[in-house]
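In this note's numbering, the protein residues as written are 745 to 1953.
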């Protein structure tokens, strides 16, 4: 593949630079670069400039054209690239503003000069002691080819012909000097560049392939072994229509199920569906606004089929055209479908025909009403008679031969056309012939092309097996030539959402190309059954069709078969929420030497970020294969990065270039939770779920594999998984485990210095319980085929979304968990206090189930005090850090909240009685993340003090220490400058950066809490009886006290604090204005109903059963008993039925029959019939008025309601 690939920093570089009149020399140099396929990675990422380009310069200037008066369309991608590309006055000159990453912009001739300088570098000897008259000078010989910082900066500046990179070269020298020797040689420089280029190549080719499933291949039986000329997509509903070369029209569902088919014929009564004449279909196109398909054939005619109904039929037949129409394109105004539309077709003589339809939706041609069936025939010579609806013009002699494809550009009223002629392969011509045409010359012509206005690129395919990417208005040379097909390319399509090109060749192979990088992403070989081995399959003129969303498919044809490739996604994901990694993070650590942040995630990716700008520096992909990264740390030199994984592996990296220096032996396939490199002792300590302290010898820097040593002299005393570790110079090491045991070791002797708490003693019942649980877990893991991740198969605490006791547990499990000591999530030494002489001060902090405990390592009493840090019960603090003088403690809990505590005077001496239970002064608190915070890191910078937080919500963010001002999220598009506060995100927060889409804003909780929900009137039963209260469990004394003394105080988000400080309340909606108004309307309606009806009770809503809805029951006024008056008027039908005002009862009213021809007598009580002649005498025996049955009257329930089983609507 030959392409001109150049890297860009910032913005979004989609295409390489394009030739222009202002900087033809620079673009000539760029586009004339070549890549040697057999060279190393340096050559692949370096540009080989051509110095003999005078002829090309002249051709570029003449080919461009400056005064042709063509109005160019918008070119967002190309114009950005041109504006961002520097102008080279000399091939050795650089522009600092445009080349932030200097190592990525170094060209091949620069590398050759640098290699020559390194090879010839012979430094002077180092003067140790000056000579005297009696003694010679003492010197130390230096190794040739090794440069110090001053020599390196001078050499690079001379090669690049600029001294603007002194600051950056100093940082680059620190990256190269991985051995901290103060010197770099050519090998170190090449190693760094090769690793950098390899990572760039990996990230460049790491794309999500578009086709994820096998293609669907169907046989078009109706084609009768003829190839398909065109695939057309018809909307309303969506159907795929294939037209064969001999006129067979097949209709398919989007799922590729066959629907129906038609045959083009002049004889409507021909039931055999055989043609009476020999013709071939050349092209077909769908006209969406009038729901018609136009089909052209070699009979010099165009047929218009109506698709607005379920059955397609031929409506118009335009015949006797002077030439054969060979290719179509159609345009209409989508805002006004019945306005003038344009049908363009190129013919076999090289002319382009234009047909303008005045009212395409109403009528295409001026045809009177026709009583008999069949299509309306229009003679081409009589087209002037239809001038009311259509007008026809011709652009003659555009191409010297048959036109293969045309495309209309409505923005500038131009037409793109192509043919197989090498001298006029593709032409962009003005539709009114007023502007100069652009002529593209390709040796074997253009078989197919596609144009994208949004990307401003033109893609062509030819029989020379190549795909070319063009600037539409630079005809001299393509931007890139993509090689990879083995046969001629007969179809190309641009997918603007994915920024990809789909190409189809004669051997039925589909290839996917990345537009930005000009790299091939995927190859799909379609195995059509009709393809005979060793014989090239046959294809129609237009064998490829790209169907947009929602179908999102690519359809190709071969012989009489059709294949559908479903796109896995339709656009590059542009999530409105900024993520640092694609999976949850394990930690974020700060390197003060290089002023960079290292983040690791569960997808085994380590990324380095510049804290001053937030830009990504280096990415270590697949650091531990497919394993999750669980912990990271630096050594004291900050030159090496240590990472541990879920499977127990540990790796040591060169922090700046990602070179893997050491691989440490895994222990027991258990997760690594802590790594502690001791540079002075040249050992590396690691702990984890192996429950052991493992030692690795770090004395040999050239040894790749380091063996694990388990001979810790103090013995492996932890009985449960070790969760955390910390070191306090000069010789104190603290480890803590899941069972609550905390041990402080002396590193010199490897013995116990003090055991602050012993793990819970295991009894026989608990051992049996654990053994049963392990067997159950092993069985479940064997069922799903996964390996055990820990000795007790316990998930990592940072992966738990909720740290509360889950419901559904048995009482045995609940009592077991409640009787167990809380695990120690984090230990932290206060190194500033440890250096003092006061031995009765707390020097160690631990976090256990949300409780922060302060420990003194000397004396009989160890625990000095504790307090509960989170705002809500049953939460944990997984991350802690302090500033340099240990005056401020920063905690991050599982709710995503960060708190800064002033501990300068906290727990500096023991109380006379008991432990200190008071909380230290809270300096600041804010909401930082949506999920649990797994690490907080203090960062000291020249501009101030900052806090770096990492969370399982896939983000790492930077905040100011004392105010909690939000600076930004690592991974966001917009960079910041720590020295310029106007570039910070503050006063915005991560939830208000996108006003409409911030569904997780803290305002959601406050909004719901302000709503007046009357829970007393709710019909849902309370679940309070199922809750476990404090009295049901024997909780520790401190837990009860903390709940009493510290009621949950909700932390305020930074935007709430700024609102309170300014005294203004900004009504920024987080759900959207419409949703807000709908919620307010529902709230007002609910409040109005409660005001009208008072307390709502179940009895009141169900007083009428199923006769009406509960709301209608509430709308009914109070029920009152009424009596039927004696003189109540009755209808004649009621009198004929035998009803009177005296014998009407509630049961009779409910069973009253209003049908005609029914029973002659009304139903009597207890089944007795009352005859009409006994009605008068029965009145005496009836009850008096006072004893008559009363009936309930409901004003809004009318007569039909009294009939049984009727319900009011």
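Backbone N, C-alpha and C fix where the C-beta goes; we use that ideal spot for every residue, glycine too.
- Between which two residues does the beta strand (DSSP E) harbouring residue 853 extend? First-last for residue 853: 852-863, but that is the alpha helix (DSSP H), not the beta strand (DSSP E).
- Give every residue of the same chain whose Cβ lies closer than 8 Å to the Cβ of residue 1605, excluding the five residues on either side of it in the sequence, and list them in chain order. 1654
- Item | Assigned exposure category for residue 1205 - 16 Cβ within 10 Å defines buried | buried
- Task: Would you please state the rounded distance, in angstroms, between the beta carbons of residue 920 and residue 928? I believe it to be under 8 Å.
- Result: 4 Å
- Item | Cβ-based burial, residue 1176 [other Cβ within 10 Å; buried from 16] | exposed
- Query: Between which two residues does the beta strand (DSSP E) harbouring residue 887 extend?
  - Reply: Segment: none, residue 887 is in no beta strand (DSSP E) and carries neither H nor E.
- Query: DSSP state of residue 1337, grouped into three classes?
  - Reply: coil
- Message: Taking only three categories from DSSP, how would you classify residue 1583?
- Response: coil
- Neighbourhood of residue 1133 by C-beta distance below 7 Å, restricted to the same chain and skipping five residues each side: 1101, 1102, 1103, 1107, 1108, 1109 and 1110
- Which same chain residues, not among the five before or five after residue 1095, have their C-beta less than 6 Å away from its C-beta? 1138 and 1140
- Message: Between which residues of its own chain and residue 1452 is the CB-CB distance below 6 Å, once the five residues before and five after are set aside?
- Response: 1409, 1411 and 1438
- Task: Helix, strand or coil for residue 1150, going by three-state DSSP, please let me know.
- Result: strand
- Message: Report the CB separation of residue 1623 from residue 1680 in whole angstroms; it is logged as a contact under 8 Å.
- Response: 4 Å
- Item | Best match in 1331, 1202, 1208 and 1063 for proximity to residue 1223 [C-alpha to C-alpha] | It is 1202 whose Cα lies nearest to the Cα of residue 1223.
- Could you give the distance in angstroms between the alpha-carbon of residue 1823 and the alpha-carbon of residue 1621? 36 Å
- So, using beta-carbon positions, are residue 1682 and residue 1567 closer together than 8 Å? No; because the gap between Cβ atoms is not below 8 Å, this pair is not in contact.
- Item | Reduced DSSP secondary structure (H/G/I, E/B, other) of residue 817 | For residue 817, the predicted structure reports a pLDDT of 40, less than 50, and the residue's modelled location is therefore unreliable. A value from the coordinates is still provided. Annotated three-state conformation of residue 817 is coil, per DSSP.
- Among 1160, 1246, 1116 and 1713, which residue has its Cα nearest to the Cα of residue 953? Taking only the C-alpha atoms, the option nearest residue 953 is 1246.
- Message: Could you compute how far the alpha carbon of residue 934 sits from the alpha carbon of residue 925?
- Response: 17 Å
- Message: Which residue wins for smallest C-alpha separation from residue 1600, given the options 1736, 1575, 1872 and 1725?
- Response: For the options 1736, 1575, 1872 and 1725, the alpha carbon positioned closest to that of residue 1600 is the one of 1575.
- For residue 1708, does the count of other Cβ atoms within 10 angstroms reach 16, so buried, or fall short, so exposed? buried
- Own chain, CB closer than 7 Å to residue 873, minus 5 neighbours either side, in chain order: Taken in chain order, the residues that qualify are 881 and 882.
- In angstroms, rounded to a whole number, what distance separates the CA positions of residue 1030 and residue 1180? 31 Å
- Selection from 994, 1000 and 998 that minimises the alpha carbon distance to residue 1006: 994
- Helix, strand or coil: how does DSSP classify residue 982 here? coil
- Does the count of Cβ pairs from the segment 1354-1372 and the segment 1708-1720 closer than 8 Å reach three? yes
- Query: Closest to residue 1662 by CA distance: which of 1828, 1421, 1673 and 1612 is it?
  - Reply: 1612
- Message: Tell me the DSSP secondary structure of residue 1099 in three-state form.
- Response: In the structure shown, residue 1099 sits in a strand (DSSP, three-state: E or B).
- Item | For residue 1832, three-class secondary structure by DSSP | helix
- Please report the Cβ distance between residue 971 and residue 1303, rounded to the nearest whole angstrom; I am assuming they are in contact, meaning their Cβ atoms lie under 8 Å. 5 Å
- Item | Contact the segment 1219-1234 vs the segment 1246-1255: 3+ CB pairs below 8 Å | yes
- Item | Closest Cα partner of residue 965 within the set 1219, 1720, 987 and 1173 | 987
- Can you list, in chain order, the stretches of the beta strand (DSSP E) that have 3 or more residues and sit fully within the segment 987-1061? 992-996, 1002-1007, 1025-1031, 1036-1041 and 1045-1050
- Query: Just the Cα atoms here: how many angstroms apart are residue 1321 and residue 1418?
  - Reply: 31 Å
- Do you know whose CA, among 1428, 1444 and 1464, lies nearest residue 1434's CA? The option with the nearest alpha carbon to residue 1434 is 1464.
- In angstroms, rounded to a whole number, what distance separates the CA positions of residue 1857 and residue 1885? 29 Å
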